[in-house]
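The block underneath contains the structure these notes are about, expressed in structure tokens.
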Amino acid sequence: TDRHNMVEMEDPSVNYPLTSGKPLTMFTNAKIIWSSHKRTKTKQDLVTSMASSGYYDSVSHYKALVAQNKALNDELNNAPASYRGMLLRFAPGEHYYMCTRNNNFSNRDQKGRLGVRP
């Protein structure tokens, strides 16, 4: 099965996600309308869930699984094969995103641009 995640990036010319030192806006300015996970309530939960392909449904779930040595595999191999996801209302603007699993700097990348009008 092919797994995907969705992380914010600064612009389409780069092949890496925004780091914690840069301000995230795509998900932190989005409104959660519906989530398949009951624990996904905060903006940080949203960022965590989207980046982990639903493996972690909240920051507290992330901390609990890491403490149990059940962390997410770097290539998302232990993430669920299916992710029911969420319904989000994004803030107006241009948002760039990528999938970290399907990203090989030499021959492929999976990126996108989401344009939201006011």
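Using my numbering, the letters of the sequence shown correspond one by one to residues 660 to 777. From the three backbone atoms N, C-alpha and C, an ideal C-beta is built for every residue, glycine too. Computed from a prediction, not measured in an experiment: that's the story for all the values here.
The three-state secondary structure of residue 719, taken from DSSP, is helix. Residues 667, 677, 706 of the same chain have their beta carbon placed closer than 7 Å to that of residue 683, with the five preceding and five following residues left out of the count.
For residue 694, the enclosing beta strand (DSSP E) starts and ends at 690-694.
Nearest Cα to residue 689 within the set 697, 740, 675, 704: 704. Note on residue 664: 16 or more other CB atoms within 10 angstroms of its CB, so buried under the neighbour-count rule. With a 10 Å radius around the Cβ and a threshold of 16 neighbouring Cβ atoms, residue 721 comes out buried.
A direct Cα-to-Cα measurement between residue 738 and residue 693 gives close to 21 Å.
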